[in-house]
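**Q** In our numbering, the protein residues as written are 55 to 365.
Yeah, the Cβ is synthetic: ideal placement off N, Cα and C, and Gly gets one too.
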């Protein structure tokens, strides 16, 4: 390998067989160290969501918790250092990371479907969306995520490190056909499903608000309430769709067309997703905001705080 000015070898004893230690620009270093901070906050925020009364948010919290605990640190480690853990661990971390990301995306789709059922078919919601059915859907989501990625990483898991050109590199290889299929299944289909479901939710909310407005005598009061409902539905739809695109589009775009975007920047956005998911999906709930106030005001340290009613 050609020498790089001021660079060091990952394995000096291997000479020409070793990779060079990565050289980072200052901006890249800032983003990577910020990812460590986000990773820690992700773990803390998602611990607040661990409640059996909300299985879908719990599933999303678990996947985001693992993103902050496992995926982000490993991805940052790959960027700031040589890979000393071996080819097998390299392939395994790629498989686990992709599986967790797939489960997180599946969780967002399930939450969209749940809100669709609650808003568009409220009369049958309690009978069609039961705890047992939700448990089965969550388990199926996680099972499919890990099985799907076994298929996706089959070559890499059988022959780890086959694309590494030198020692100290961690490169996970997926052929172009599987890459295109992965983008379709883990980005295009989920994004289309989310935007379709939330559009139906938005249209239904607007329709119901207008129907209420036309049958209520206090026009002025209910006009303002209706407008607020429409704006809230539109804002929720916009936040969910925009955030999904912002976090995942650069990563998949970089996968298809390498070197068009800074790799660290796309990684930063991808790892930022689980940090803000608790904010988008849970901070809107009053009980979550109340729980945050109890924590940051240190009231949870007072005797009897475990019996505080946050609902």
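Under 7 Å, do residue 136 and residue 160 count as touching if we go by C-beta distance?
**A** No, they are not a contact pair.
**Q** Does the separation of the CB atoms of residue 246 and residue 192 fall below 7 Å?
**A** For residue 246 and residue 192, no; Cβs fall outside 7 Å.
**Q** By alpha-carbon positions, which one of 73, 109, 62 and 265 ends up nearest to residue 186?
**A** Here the closest residue by C-alpha is 109.
**Q** Quick check on the DSSP output: what are the complete alpha helix (DSSP H) runs of length 4 or more inside the stretch 157 to 230, in order along the chain?
**A** You should have 176 to 182, 185 to 206 and 208 to 212.
**Q** Out of curiosity, what's the CA-to-CA distance linking residue 233 and residue 178?
**A** If you take the alpha carbons of residue 233 and residue 178, they lie about 40 Å apart.
**Q** If you count every other CB in all the chains shown that lies within 10 Å of the CB of residue 255, and 16 or more means buried, which is it?
**A** By the 10 Å Cβ count, residue 255 comes out buried.
**Q** Thinking C-beta only, is residue 158 closer than 7 Å to residue 203?
**A** The answer is no: Cβ separation not under 7 Å.
**Q** Residue 248: which of 296, 149 and 140 sits nearest, CA to CA?
**A** Checking every option, the nearest Cα to that of residue 248 belongs to 296.
**Q** If I'm right that residue 228 touches residue 236 with Cβ under 8 Å, what's the distance once you round it to whole angstroms?
**A** Confirmed, Cβ separation roughly 7 Å.
**Q** Look at the Cβ atom of residue 380, then the Cβ atom of residue 73, and state whether they are nearer than 7 Å.
**A** Because the chain here runs from 55 to 365, residue 380 falls outside it and cannot be looked at.
**Q** Does the stretch 140 to 151 come close enough to the stretch 204 to 215 to have 3 or more Cβ pairs within less than 8 Å?
**A** Segments in contact, yes.
**Q** On the three-state DSSP scale, how would you describe residue 109?
**A** In this structure, residue 109 counts as helix in the three-state DSSP scheme.
**Q** Please state the DSSP three-state secondary structure of residue 326.
**A** DSSP places residue 326 in helix when its eight states are reduced to three.
**Q** Cβ of residue 250 within 7 Å of Cβ of residue 302?
**A** No. Outside cutoff.
**Q** In angstroms with no decimal places, state the Cα-to-Cα distance between residue 180 and residue 261.
**A** About 22 Å.
**Q** Exposed or buried, what is residue 182 when buried is set at 16 or more other beta-carbons lying within 10 Å of its beta-carbon?
**A** Residue 182 should be labelled exposed.
**Q** Could you compute how far the alpha carbon of residue 276 sits from the alpha carbon of residue 150?
**A** In this predicted model, residue 276 has a pLDDT of only 47, less than 50, meaning its place in the structure is not dependable; the value taken from the coordinates is given anyway. Approximately 50 Å, taken between the alpha carbons.
**Q** Can you tell me whether residue 140 is buried or exposed? The criterion is at least 16 other CB atoms within 10 Å of its CB, across all chains shown.
**A** By the neighbour-count rule (16 or more Cβ atoms within 10 Å), residue 140 is not buried but exposed.
**Q** Starting from residue 128 and walking both ways along the alpha helix (DSSP H), at which residues does that stretch end?
**A** Counting along the chain, the alpha helix (DSSP H) containing residue 128 begins and ends at 126 to 134.
**Q** Residues in the same chain with beta-carbon distance under 6 Å from residue 214, minus the five sequence neighbours each way, listed in chain order, please.
**A** So the qualifying residues of the chain are 141, 142 and 145.
**Q** My understanding is that residue 259 touches residue 173, with C-beta atoms under 8 Å, so please give their C-beta distance in whole angstroms.
**A** Right, the Cβ-Cβ distance comes to about 6 Å (below 8 Å), so this counts as a contact.
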